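Data block below; observations after.
In the numbering used here, the protein residues as written are 2 to 390.
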């Protein structure tokens, strides 16, 4: 059974922070504030990271601020301010026809140290086959041998597809992939500093928060339980309306080998929960049963899963995370009902058909863009933006 506790916490949607309404900020005040042990407010964080993305921050100063944030511990307001600045600077993605139309993402921070199969990516594909609109934002690997981009590239998905093509894929197949380096060119200004520092910084947790499609529903995994509440509060501040933020017994996924700690965002409130596989009508499986391999090895595993011929543990890992997305979309009244629906669609092979459609459409531009980038051209930014599975 799940345990639920209402924290009574409410977030404020401050996504209307607009760089055009802000004069050139005095970011020199940021470091003394942090050194004194104080927090930045959301606007101060936004302004600092806005300048970072524009290449206006001297490397040693940037490293000092990132280190001070790390030592102090990043607050939800600092995380949200940075995320909003990054999204504002990103290559734009076509807006949804209606603010009431739901778009979701299923993503983890990475960094859990587990070399699992690509659970989040496969769950997103299955969710799309179930009828949900999934805008998957991702990158190459961080904590496994194969990240979301590595996997999809192995299947033939065009990572360099334009935003217009990605939006067309979303409309036609319920699924698109937004390759982080193709959208966040400003990260190149922070890349050398991050590499020289050699430690995790706020940048390592921002990937799930900066999806250019602005999803309003999220299944977000974090690599440590200490990030559950800060990331949930940051999601609220960036405008996400419905979400599960999860940590599954060491994984940035909903786990099969143990309990999963959860913060649920619903109706402006944060609710603490605990999930077990039994809540979904599923069995427990050992972590070793969902270990992954190279991009091609993972592609073979994922192809079997999506065609309805996967191993029991692999299927369950995908079903449990897809079920959470279905529940968040109100496609089922219970987690068990959601898992049953996900399992039926998985067994039908519709997941593989959805992926095949994405591969086909991602390589067919609706309109030829003069500045279309190739996978090779955008790969130069990839090393600056290590992200999630």
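Think of the CB as a built atom: it goes at the ideal place given N, C-alpha and C, for glycine as much as any other residue. What you are looking at is a predicted structure, and each value in this text was computed from that prediction instead of being measured.
Between the C-alpha atoms of residue i and residue j, what's the straight-line distance to the nearest angstrom?
i, j, result
"residue 369", "residue 199", "Below a pLDDT of 50, predicted positions are generally treated as unreliable, and residue 369, at 46, falls in that range; the measurement from the model is reported next regardless. Their Cα atoms are separated by approximately 40 Å."
"residue 234", "residue 366", "38 Å"
"residue 33", "residue 225", "29 Å"
"residue 341", "residue 358", "24 Å"
"residue 116", "residue 27", "43 Å"
"residue 180", "residue 138", "6 Å"
"residue 148", "residue 356", "16 Å"
"residue 165", "residue 120", "27 Å"
"residue 202", "residue 349", "42 Å"
"residue 197", "residue 85", "25 Å"
"residue 71", "residue 217", "28 Å"
"residue 222", "residue 257", "14 Å"
"residue 353", "residue 302", "12 Å"
"residue 125", "residue 37", "43 Å"
"residue 296", "residue 155", "6 Å"
"residue 293", "residue 39", "42 Å"
"residue 327", "residue 62", "44 Å"
"residue 312", "residue 347", "12 Å"
"residue 210", "residue 337", "28 Å"
"residue 24", "residue 134", "With a pLDDT of 46 at residue 24, under the threshold of 50, the predicted position of this residue should be treated as unreliable, and no value is reported."
"residue 13", "residue 241", "Caution is warranted here: a pLDDT of 42 is assigned to residue 13, below 50, making its placement in the model unreliable, and no coordinate value can be reported."
"residue 184", "residue 111", "19 Å"
"residue 351", "residue 91", "33 Å"
"residue 219", "residue 264", "12 Å"
"residue 140", "residue 182", "7 Å"
"residue 94", "residue 214", "6 Å"
"residue 208", "residue 188", "11 Å"
"residue 127", "residue 323", "7 Å"
"residue 206", "residue 329", "22 Å"
"residue 239", "residue 50", "15 Å"
"residue 195", "residue 151", "22 Å"
"residue 333", "residue 87", "34 Å"
"residue 362", "residue 283", "35 Å"
Can you give the beta carbon distance from residue i to residue j, rounded, assuming they're within the 8 Å contact cut?
i, j, result
"residue 160", "residue 129", "Between residue 129 and residue 160 the Cβ distance is about 18 Å, and since that is not below 8 Å, they are no contact."
"residue 41", "residue 53", "About 13 Å; that fails the 8 Å criterion."
"residue 305", "residue 290", "In fact, because the Cβ distance is near 14 Å, the residues do not count as touching under 8 Å."
"residue 43", "residue 81", "6 Å"
"residue 64", "residue 104", "Going by Cβ atoms, the distance from residue 64 to residue 104 rounds to 35 Å, so no, they are not a contact pair."
"residue 253", "residue 109", "3 Å"
"residue 255", "residue 246", "Actually they do not touch by this definition, with Cβ atoms about 11 Å apart."
"residue 343", "residue 320", "5 Å"
"residue 285", "residue 275", "In fact, because the Cβ distance is near 14 Å, the residues do not count as touching under 8 Å."
Pull up the DSSP beta-bridge partners for residue i, would you.
i, result
"residue 330", "Its beta-bridge partners do not exist; DSSP assigns none."
"residue 271", "266"
"residue 134", "Paired residues: none, contrary to the question."
"residue 276", "261"
"residue 248", "262"
"residue 243", "218"
"residue 107", "220"
"residue 176", "135"
"residue 292", "117"
Counting C-beta neighbours from all protein chains within 10 Å, is the total for residue i 16 or more, i.e. buried, or is it exposed?
i, result
"residue 364", "exposed"
"residue 193", "exposed"
"residue 158", "buried"
"residue 335", "exposed"
"residue 269", "exposed"
"residue 60", "exposed"
"residue 267", "exposed"
"residue 310", "exposed"
"residue 172", "exposed"
Check your understanding: Enumerated in chain order, which unbroken segments of the beta strand (DSSP E) with a length of 3 residues or greater are wholly contained in the segment 178-231?
Key -> 218-222
Exercise for review: Pick out the complete alpha helix (DSSP H) segments inside the segment 22-90, 4 residues or longer, and give them in chain order.
Suggested key: 31-36, 43-54, 60-73 and 77-90
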